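The structure appears below as structure tokens.
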Amino acid sequence: MTSRTYTCAIVGTGAIAGAHARAIAALPARARLVGAVDVEPDRVAAFGAEWGVSAHPTLADLLADRRPDLVHLCTPPGTHLSLALECLAAGVSPVVEKPPVLSLADLDRLRAAEAEAGVPVATIFQHRFGSGAVRLRRLLAEGALGRPLLASADTLWFRDDDYFAVPWRGKWELEGGGPTMGHGIHQFDLLLSVLGPWSEVSAVAARQARPTDTEDVSAALVRFDSGAVATVVNSLVSPRQTSRLRFDFEHATVELEHLYGYSDADWRLTPAPGAPDPTPAWGSDPVGVPSGHTAQLAAVLDALDEGRTPPVSTADTRMTLEFVAAVYASAFTGRVVVRGEITEGHPFHAGMAGGGAPWPPRRSGPSDSRVGRTT
């Protein structure tokens with residue numbers, strides 16, 4: 585394997601940009617930050633001074649000044665597609681924060697541009713890359729855990745009304761959705777990376793309390809091609825915050841509880857009575873790698889060094905984003921949605937709200953607890 589140092593730039597210097605900058609700095613022999621972009625001059629100037637890199641007002645200006653290997657897109661979700669297409673046209677790989685785009689139609693357009701440019705796109709789903717998740721997928725593939733039977737993924741977070749004062753938050757056309765799209769996606773993407781292809785979804789969604797156009801709660805019942813069944817709950821109204829996953833296999837229960845990132849200490853394995861004990865295998869390598877942007881960036885650079893498609897590929901991303909669309913489609917129509925159903929021409933292919941949420945647009949006012957299911 586040939587290793588090199590990759591140059592990186594960051595577009596959008598808000599809060600999440602710091603996680604990307606720290607990940608690059610944590611891999612000094614392999615990655616180097618060379619530039620930053622933001623439409624707010626003072627903010628990008630301060631970010632550039634903090635990290636010792638050039639500051640630019642636009643992506644076009646950055647690309648004219650230098651040609652980085654990777655451009656990390658840390659802007660609001662509604663801007664991701666146009667910026668990623670601009671990167672691909674310049675022959676530069678975009679590394680896109682979640683959610684990567686606002687719809688399956690946008691993702692299909694991005695995948696077509698990726699294929700035409702011959703330049704890979706990676707989506708940030710950093711929970712796949714902690715050593716606990718890597719080990720879990722390996723042991724499942726090796727048969728040490730037996731068949732997956734039942735699972736759950738709960739993202740129970742709390743965001744107050746002031747959180748939605750940011751203009752792009754809580755709007756379908758700018759954020760793409762609520763906690764199903766922008767918050768719980770981390771947990772259930774990890775669930776999907778372990779359990780593989782899902783086959784059907786039945787869901788509800790509700791706007792329970794927050795001044796938002798989107799849902800603030802959703803819940804889904806999911807069936808997988810393997811026969812496993814799972815529940816997925818996403819919330820922004822839960823005062824005791826937690827991110828929780830549980831997998832019940834034939835030979836063991838594997839649990840993870842954390843909030844915004846996990847370490848090996850956050851995992852727990854309970855052997856099934858009378859079954860082969862997978863505990864010794866659970867303690868094997870890899871160990872000691874927390875989930876986060878550094879772990880995923882290292883995996884991206886490994887793939888580039890080896891000439892492989894970097895994770896998380898647009899093909900992997902599509903299965904997760906199709907799941908998001910299926911949750912909304914089921915919640916808003918009252919139907920079970922099967923994988924592969926939402927294609928061009930389907931109301932939920934062009935946007936996660938389909939023909940519109942079953943509650944009126946609203947940015948303020950009293951609570952509205954009607955569930956997002958129509959008959």
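Numbering of the sequence shown is given in this note's numbering, commencing with residue 585 and proceeding in unit increments.
Ideal placement from N, C-alpha and C gives every residue a C-beta, glycine not left out.
What you are looking at is a predicted structure, and each value in this text was computed from that prediction instead of being measured.
Give every residue of the same chain whose Cβ lies closer than 8 Å to the Cβ of Val595, excluding the five residues on either side of it in the sequence, and list them in chain order.
-> Ala620, Val621, Asp622, Leu643, Leu646, Val655, His656, Leu657, Cys658, Thr659, Leu667
DSSP state of Pro931 mapped onto helix, strand, coil = coil
Beta-carbon gap between Ser802 and Val788 smaller than 8 Å = yes
First through last residue of the alpha helix (DSSP H) which encompasses His877 = 877-890
In angstroms, rounded to a whole number, what distance separates the CA positions of Val703 and Leu611?
-> 22 Å
Residue span of the beta strand (DSSP E) that contains Trp741, given as start and end | 732-742
The segment 866-876 touching the segment 735-747, judged by at least three CB pairs closer than 8 Å | no
Contact between the segment 824-843 and the segment 723-731 (3+ Cβ pairs under 8 Å) | yes
Span of the beta strand (DSSP E) around Tyr846 = Note, Tyr846: premise wrong, no beta strand (DSSP E); not H, not E.
Given that a residue counts as buried once 16 or more other Cβ atoms are within 10 Å of its Cβ, and exposed if not, what is Ala601?
-> buried
Own chain, CB closer than 7 Å to Pro860, minus 5 neighbours either side, in chain order = His835
State the Cα-Cα distance for the pair Asp797 and Phe713, rounded to the nearest angstrom.
-> 33 Å
As assigned by DSSP and simplified to three states, the class of Pro950 = Summary for Pro950: the model assigns pLDDT 40, below 50, so the residue's position carries little reliability; its value from the coordinates is reported in the next sentence. Coil, per DSSP.
Quick one: measure Cβ to Cβ for Ser687 and Met936, integer angstroms, because I've assumed they're closer than 8 Å.
-> 6 Å
Quick one: grab the DSSP three-state call for Ala696.
-> helix
Drop a sphere of 10 angstroms on the beta-carbon of Glu759, count the other beta-carbons inside from all chains shown, and report buried for 16 or more, exposed for fewer.
-> buried
Should the segment 919-936 be regarded as contacting the segment 675-693, the criterion being three or more beta carbon pairs within less than 8 Å?
-> yes
Close beta carbons around Asp773, own chain, < 6 Å, minus the five adjacent residues each side = Phe709, Thr904
For Trp741 versus Ser819, is the C-beta spacing smaller than 8 Å?
-> yes
Mapping DSSP to helix, strand and coil, what is Arg852?
-> strand
For Gly939, is the classification buried or exposed, using 16 other Cβ atoms within 10 angstroms of its Cβ as the cut-off for buried?
-> exposed
If we call anything under 8 Å between Cβ atoms a contact, is Gly716 one with Asp848?
-> yes
At which residue ranges does the segment 770-829 contain complete beta strand (DSSP E) runs of 3 or more residues, listed in the order of the chain?
-> 782-790, 801-808, 813-819
Count the other CB atoms within 10 Å of the CB of Leu843; is the residue buried (16 or more) or exposed (fewer)?
-> exposed
Whole angstroms is fine: what's the gap from Tyr912's alpha carbon to Pro781's?
-> 18 Å
For Thr589, collect the residues of the same chain with a Cβ closer than 8 Å to its Cβ; drop the 5 residues on either side in sequence, then sort them by chain order.
-> Ala613, Arg614, Ala615, Arg616
Going by CA-CA distance only, name the one from Leu779, Asp809, Thr863 that's closest to Leu829.
-> Leu779
Classify Pro732 as buried or exposed, calling it buried when 16 or more other Cβ atoms lie within 10 Å of its own Cβ.
-> buried
Would you mind reading off the limits of the beta strand (DSSP E) that contains Arg616?
-> 615-621
Does DSSP classify Thr959 as helix, strand or coil?
-> Only weak support exists for where Thr959 lies, its pLDDT of 22 falling under 50; the value from the coordinates is given anyway. The answer is coil: DSSP assigns Thr959 none of H, G, I, E or B.
Give the straight-line distance between the Cα atoms of Ala673 and Pro862, rounded to the nearest whole angstrom.
-> 48 Å
With a cut-off of 8 Å on the beta carbons, I'd call Leu881 and Trp866 a contact; round off their distance for me.
-> With a Cβ gap of about 26 Å, Leu881 and Trp866 do not count as contacting.
Going by DSSP, name the residue or residues bridged to Leu657.
-> Val595, Val680
Thr901 and Pro678: beta carbons closer than 8 Å?
-> no
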